[in-house]
Amino acid sequence: MSNEYETLMRCVRSVRTKTDFVPKVALVLGSGLGDYASQLRVEATVDYHEIEGFPVSTVPGHTGRFVFGYVGDVPVVCMQGRVHYYEGYSMTEVVRPIRLMKLLGAEVLFLTNAAGGIQLGMKAGDLMLLTGQIASFVPSPLIGENIEELGPRFPDMSRIYDYDLQKIAKKCAAETGADLKEGTYLQFTGPAYESPQEVAMARTLGADAVGMSTACEAVAANHMGMRIVGISCISNLACGISPQPLSHKEVQEAADAVAPVFQKLVTQMIKEIGITCR
Numbered sequence: 001m002s003n004e005y006e007t008l009m010r011c012v013r014s015v016r017t018k019t020d021f022v023p024k025v026a027l028v029l030g031s032g033l034g035d036y037a038s039q040l041r042v043e044a045t046v047d048y049h050e051i052e053g054f055p056v057s058t059v060p061g062h063t064g065r066f067v068f069g070y071v072g073d074v075p076v077v078c079m080q081g082r083v084h085y086y087e088g089y090s091m092t093e094v095v096r097p098i099r100l101m102k103l104l105g106a107e108v109l110f111l112t113n114a115a116g117g118i119q120l121g122m123k124a125g126d127l128m129l130l131t132g133q134i135a136s137f138v139p140s141p142l143i144g145e146n147i148e149e150l151g152p153r154f155p156d157m158s159r160i161y162d163y164d165l166q167k168i169a170k171k172c173a174a175e176t177g178a179d180l181k182e183g184t185y186l187q188f189t190g191p192a193y194e195s196p197q198e199v200a201m202a203r204t205l206g207a208d209a210v211g212m213s214t215a216c217e218a219v220a221a222n223h224m225g226m227r228i229v230g231i232s233c234i235s236n237l238a239c240g241i242s243p244q245p246l247s248h249k250e251v252q253e254a255a256d257a258v259a260p261v262f263q264k265l266v267t268q269m270i271k272e273i274g275i276t277c278r
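In case it helps, the numbering used here puts the sequence shown at residues 1 to 278.
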């Protein structure tokens, strides 16, 4: 048994001392959705500090806890505050929360984030359904000894984002009135925002939005056989496109402005996804 798998098992045991709740959907709350957990019918909360061997988010606005509860009748675990590679954690630590949520029972991973828009016509406040990703600019979380208990040595990555879940997202966007764009997400390491030249490169590679999270999480989840759906909140136009310097404050303000629409869409999607998990 690998050291990482033993660590994961300790994390599972730590959580199980607090709650026996079994989620079906794991939701990672990015910027703009930080307070979404307050809408759940909450059954339990577990602070990251209470979990043995668990990384703790250091980013302002990221609470740092799991919230277990229901969206409608769907059992959900919300990750309220993710950890990032740029915080100094290893990539193994960054994806540990994703792996833990799967081991707790989650079948579907719903990823959200704030991202810089590259796609022509995008503006701050847009929502983008992730149809693909580029993770080549960060280390793979699968490097090193393969954890056979989690997945195969060479997992297929041709359909990281589940087609059926994308259909649900589009259906729910139409029903809720959300203007949902589609595109490819590219993850850089951060924490510095991208230079204009890096944004130009990302566009040449086929990216529609750039950010500092998500892609590595999707790789780890796909390795474990989870069904994945992702939505980016376009909180700013990427450097070289935006006429003004980028700041975390701008990102947070834009994400907060679109939060009501984003939250309504997420709720509707989870209810629809829950039907497919029965």
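For each residue, glycine too, the CB sits at the ideal point set by N, CA and C.
- [ ] Determine contact between the stretch 124 to 137 and the stretch 178 to 196, defined as no fewer than three beta-carbon pairs at a distance below 8 angstroms.
- [x] yes
Open item on the list: Tell me the DSSP secondary structure of C78 in three-state form.
Closed with: DSSP places C78 in the strand class (E or B) of the three-state scheme.
Task: Contact between the stretch 221 to 235 and the stretch 149 to 167 (3+ Cβ pairs under 8 angstroms) - done: yes
- [ ] Give me whichever residues DSSP pairs with G183 in a beta bridge.
- [x] L130
Task: Coil, strand or helix - S232 by DSSP - done: It is a strand residue.
Open item on the list: Can you look up G211 in the DSSP assignment and give me helix, strand or coil?
Closed with: strand
Task: Coil, strand or helix - R41 by DSSP - done: strand
Open item on the list: Taking the beta carbon of V22 as the centre, do at least 16 other beta carbons fall within 10 Å, making it buried, or is it exposed?
Closed with: exposed
Task: 7 angstroms CB neighbourhood of A257 in its chain, flanking five on each side removed - done: Cβ within range, chain order: G125.
Task: Complete beta strand (DSSP E) runs within the stretch 93 to 169 (minimum length 3 residues, chain order) - done: List check, beta strand (DSSP E) in window: 108 to 117 and 126 to 134.
- [ ] Could you check the C-alpha separation between T204 and Q197 for me, to the nearest Å?
- [x] 11 angstroms
Open item on the list: With a threshold of 8 angstroms, are at least 3 pairs of Cβ atoms found where one atom belongs to the stretch 25 to 41 and the other to the stretch 263 to 278?
Closed with: yes
Open item on the list: For the stretch 139 to 149 against the stretch 46 to 59, do three or more pairs of beta-carbon atoms, one drawn from each stretch, fall closer than 8 angstroms, so that the two count as touching?
Closed with: no
Open item on the list: Looking at the secondary structure, which residues open and close the beta strand (DSSP E) in which V71 lies?
Closed with: R65 to V71
- [ ] Given a cut-off of 8 angstroms, decide if Q187 and G151 are closer than it, judged by their beta-carbon atoms.
- [x] no
Open item on the list: Alpha carbons only, please: which of V76, V95 and L111 is nearest the one belonging to Y85?
Closed with: V95
- [ ] Round the Cβ separation of L104 and V199 to the nearest angstrom and send it over; I've been treating them as touching at under 8 angstroms.
- [x] V199 and L104 do not touch by the CB rule: their CB atoms are close to 37 angstroms apart, not below 8 angstroms.
Open item on the list: For L120 and F262, I'd like the C-alpha separation in whole angstroms.
Closed with: 21 angstroms
Open item on the list: According to DSSP, simplified to helix, strand and coil, what is A178?
Closed with: A178: coil per DSSP, three-state reduction.
Task: Reduced DSSP secondary structure (H/G/I, E/B, other) of L237 - done: strand
Task: Proximal residues to C350 (C-beta, below 6 angstroms), its chain only, five neighbours per side dropped - done: Here the chain has residues from 1 to 278 only, and residue 350 is not among them.
Task: For D47, the three-state DSSP class (helix, strand or coil) - done: strand
- [ ] Measure the C-alpha to C-alpha separation of S2 and E217 and round it to an integer number of angstroms.
- [x] 20 angstroms
TODO: Could you check what DSSP says for A259 in three-state terms: helix, strand or coil?
DONE: helix
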